[in-house]
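Asks: Below is the structure I would like to discuss, written out as structure tokens.
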Amino acid sequence: MEIIEESGFCPSNSIYYSKWDPPSLPQDPSLSLPTFLLSQSTHPSKPAYIDSKSGHTITYGRLQTLASSVASTLINLGIKKGDVVLLVSRNSLQYPLLVLGIMSAGAIFSTANPLNTREEIQTQVQDSKPKLIITTRDLQPKLDGLVSKPLLFVGELGLACGATCKPVHVLQGDPAALMYSSGTTGKSKAVVSTHRNLIAMSCLLRHAWGAAEEEIVDMCVVPMCHMFGFSVFVMGALAAGSTVVVMERYAVEEVFEAVEKHRVSRIPAVPPMVIQMGRSRDVVRGYDVGSLKELVCSGAPIAREHLERFTECLPQVTVTQCYGLTETSGPITLCDGVKRRFHVSIGRLIPSMEAKIVDTRTGKALPPGRSGELWVRGPSIMQGYLEKPEATALVLNEEGWLHTGDLCFVDSRGFIYIVDRIKELIKYKAYQVAPAELEEILSTHTEVNDVAVIPHPDEETGEIPMACVVRKAGSKIKEDDIISFMEDKVAPYKKIRKVIFVNHIPRSPSGKILRRYLKPQQQLQIFPRM
1 MEIIEESGFC PSNSIYYSKW DPPSLPQDPS LSLPTFLLSQ STHPSKPAYI DSKSGHTITY
61 GRLQTLASSV ASTLINLGIK KGDVVLLVSR NSLQYPLLVL GIMSAGAIFS TANPLNTREE
121 IQTQVQDSKP KLIITTRDLQ PKLDGLVSKP LLFVGELGLA CGATCKPVHV LQGDPAALMY
181 SSGTTGKSKA VVSTHRNLIA MSCLLRHAWG AAEEEIVDMC VVPMCHMFGF SVFVMGALAA
241 GSTVVVMERY AVEEVFEAVE KHRVSRIPAV PPMVIQMGRS RDVVRGYDVG SLKELVCSGA
301 PIAREHLERF TECLPQVTVT QCYGLTETSG PITLCDGVKR RFHVSIGRLI PSMEAKIVDT
361 RTGKALPPGR SGELWVRGPS IMQGYLEKPE ATALVLNEEG WLHTGDLCFV DSRGFIYIVD
421 RIKELIKYKA YQVAPAELEE ILSTHTEVND VAVIPHPDEE TGEIPMACVV RKAGSKIKED
481 DIISFMEDKV APYKKIRKVI FVNHIPRSPS GKILRRYLKP QQQLQIFPRM
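For the sequence shown, full-length UniProt numbering begins at 1 and goes up steadily by one.
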């Protein structure tokens, strides 16, 4: 099999291969993600997680003890192998050890964005059927009564730790996590990832990042309830043996303060954070941030001008991009190993990952330089969507290829570039917003005859949800009325932030909204505002 060395492309089968040599993955079938991760560290006294403000630390050795105690507590509370445990919390020192404790008990970890409304979380609970919810006191009002067991609170869980139980026999093929993704279309769906999927991602990130010449101190500013944060700061960091400085909430001045205090060397972030930091030249001058060497941007596209502005503000920092999905258990491309101030591409395939670029009309796999849908295959790819075989079949074929829904091309050196998104998701600050969910709610308004929700470009957030509304006859409803109607019905990142009124919503014969025909109308007010 001939593979072109620079691009990684094989002309005989039209598959792109990673330029990294594949690592050996653990073959022991009786292996859980926590067992694998907690056996990697050879320095139990080394800090695994540090609270950015208080400086409180959990060492690798203590992490193992605490995760085991959490598992025992859950088992004593009646949690059995295969039960789903939902964790709803902002970032904290406890978050990683709770995840590891849940999985060590043989339970399946699931999470929800703490910004979501009670109704949104209730929908997720009805779908995944968790036996227990772990949360914080401030989130109690939106979670009380959603499951039969009383809520378990993060800050008080440690008081119940200490009892030991017989270890649960967990297999690599057992489900480990249910994290929610909107996939290529429609409402949010639970992605089923096994211990094997997550162990593989941990190994691949360690293989790619573990060869660093210097000690890595990561800063966690993205939420660990998002697959980007979960994969990098729970799986990748522990597998590679790095130290993670955890911030509960992102604030640009506090980021620079923590970089100085803890000598942070790398920050994985999302585009709005990169944009804000790039505009903070006056702020950064007040701090010693010389330890910071790299910023890794992911979650949504970012314009070249913002990358350039960031490197002008922090010239010693290399800005790279990576790309991944909930369905891939984390990043599947990285820019590591290539020296450059910033990277417009999303990088090259990580170890053990294969890709195809497929013509969306003909289904033919394409060579370098040609644009098509990115398909990927590898050991970290999900098992499917929970109890949704039809939705799974749409994105994951029998040969194991995951259809990402993103239009991409690969250059002659193996770097991948995103051209556009085939899928209809709106990316607001790296969060995925499904138009169908917002359309369903808007259609209940008594003065809305028809509606479509589309992305509208926004410099600060990437995209905002914009509603194209057909009024009912005689209606004088205004933009502010639509925005107010949605105010308390969805999480803040899903809110409608712009409205235009149109004469009709273009649809296919089957009733599908033809969003591409709405985009040119964005600057037109077919009905004037009143």
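Glycine residues also receive a C-beta, built at the ideal position from the N, C-alpha and C atoms.
How about Gln122 and Ser32: do their beta carbons lie closer than 9 Å?
Replies: The criterion of a C-beta distance shorter than 9 Å is not satisfied by Gln122 and Ser32.
Asks: Do Ala105 and Val85 count as a contact pair if the criterion is CB distance below 9 Å?
Replies: Yes, these two residues count as a Cβ contact at 9 Å.
Asks: What are the start and end residues of the alpha helix (DSSP H) that includes Arg281?
Replies: Going by DSSP, Arg281 is part of the alpha helix (DSSP H) stretching over Arg281 to Val284.
Asks: Where do the ends of the alpha helix (DSSP H) carrying Asn116 lie?
Replies: Element bounds for Asn116: n/a, residue is neither H nor E.
Asks: Using three-state DSSP, classify Gly229 as helix, strand or coil.
Replies: Of the three classes helix, strand and coil, the one that applies to Gly229 here is helix, per DSSP.
Asks: Just tell me which of Leu386, Ser188, Met382 and Ser412 has its CA closest to the CA of Glu398.
Replies: Met382
Asks: Write down the C-beta distance between Gly330 and Met179 rounded to the nearest angstrom, noting that I regard them as a contact closer than 8 Å.
Replies: Not confirmed; about 10 Å, so no contact.
Asks: Which first and last residues belong to the beta strand (DSSP E) in which Lys498 is found?
Replies: Lys498 to Phe501
Asks: State yes or no: is the C-beta of Ile477 within less than 9 Å of the C-beta of Glu440?
Replies: no
Asks: Between the beta-carbon of Pro272 and the beta-carbon of Lys429, is there less than 9 Å?
Replies: yes
Asks: Grab me the residues of Ser280's own chain with a C-beta within less than 6 Å of its C-beta, minus the 5 sequence neighbours each way, in chain order.
Replies: For Ser280, the CB contacts under 6 Å within the same chain, skipping 5 residues up- and downstream, are Val252 in chain order.
Asks: Kindly list the residues whose CB is nearer than 8 Å to the CB of Leu407, restricted to its own chain and excluding five residues on each side of it in sequence; keep chain order.
Replies: Thr360, Ser371, Gly372, Glu373, Leu374, Ile418, Val419, Asp420, Arg421 and Ile422
Asks: Assuming Ser7 and Ser412 are in contact, meaning their beta carbons sit under 8 Å apart, how far apart are those beta carbons, in whole angstroms?
Replies: Contact holds; Cβ gap of about 5 Å.
Asks: Three or more C-beta pairs closer than 8 Å, one from the region 37-45 and one from the region 116-133: is that the case here?
Replies: no
Asks: Between His56, Pro175, Tyr60 and Val433, which has its C-alpha nearest Phe109's C-alpha?
Replies: Pro175
Asks: For residue 533, which residues from the same chain have a beta carbon less than 7 Å from its beta carbon, with the 5 sequence-adjacent residues on both sides left out?
Replies: Outside the shown range of the chain, which is 1 to 530, sits residue 533, and nothing can be said about it.
Asks: At which residues does the beta strand (DSSP E) containing Ala434 begin and terminate?
Replies: Careful: Ala434 lies outside any beta strand (DSSP E) and carries neither H nor E.
Asks: Looking only at C-alpha atoms, which of Val154, Phe342, Arg471 and Leu292 sits nearest to Val99?
Replies: Val154
Asks: What is the residue span of the beta strand (DSSP E) that Leu178 lies within?
Replies: Pro175 to Ser181
Asks: Does the Cβ-Cβ distance between Ile416 and Pro465 come in under 9 Å?
Replies: Cβ distance not < 9 Å, so Ile416 and Pro465 don't count as in contact.
Asks: Excluding five sequence neighbours on each side, which residues of the same chain lie with their C-beta closer than 6 Å to the C-beta of Thr318?
Replies: Glu294
Asks: Would Val192 and Ala208 qualify as a contact pair, given that the criterion is a beta-carbon distance under 9 Å?
Replies: no
Asks: Mind checking Tyr517: buried by the 16 CB within 10 Å criterion, or exposed?
Replies: Exposed: under 16 other Cβ atoms inside 10 Å.
Asks: Under three-state DSSP, which class holds Lys427?
Replies: strand
Asks: Determine the DSSP secondary structure at Ala240, reduced to helix, strand or coil.
Replies: helix
Asks: Mind checking Ala393: buried by the 16 CB within 10 Å criterion, or exposed?
Replies: exposed
Asks: Can the beta-carbon of Gly210 be found closer than 9 Å to that of Ala190?
Replies: Result no, Cβ atoms of Gly210 and Ala190 do not sit closer than 9 Å.
Asks: Secondary structure at Met201, three-state DSSP: helix, strand or coil?
Replies: helix
Asks: In the DSSP assignment, what are the bridge partners of Phe342?
Replies: Val319
Asks: Counting along the chain, where does the beta strand (DSSP E) carrying His456 start and finish?
Replies: Val448 to Asp458
Asks: Using three-state DSSP, classify Pro23 as helix, strand or coil.
Replies: coil
Asks: DSSP state of Trp209, grouped into three classes?
Replies: helix
Asks: If you count every other CB in all the chains shown that lies within 10 Å of the CB of His226, and 16 or more means buried, which is it?
Replies: Counting of Cβ neighbours within 10 angstroms places His226 among the buried residues, the total reaching 16 or more.
Asks: Going by the DSSP bridge assignment, what does Thr333 pair with across the sheet?
Replies: Tyr323 and Leu349
Asks: Please go through the same chain and pick out, in chain order, the residues whose beta-carbon is closer than 7 Å to the beta-carbon of His169, but skip the five residues on each side of it.
Replies: Ser30
Asks: Where do the N-terminal and C-terminal ends of the beta strand (DSSP E) with Ala48 fall, by residue?
Replies: Pro47 to Asp51
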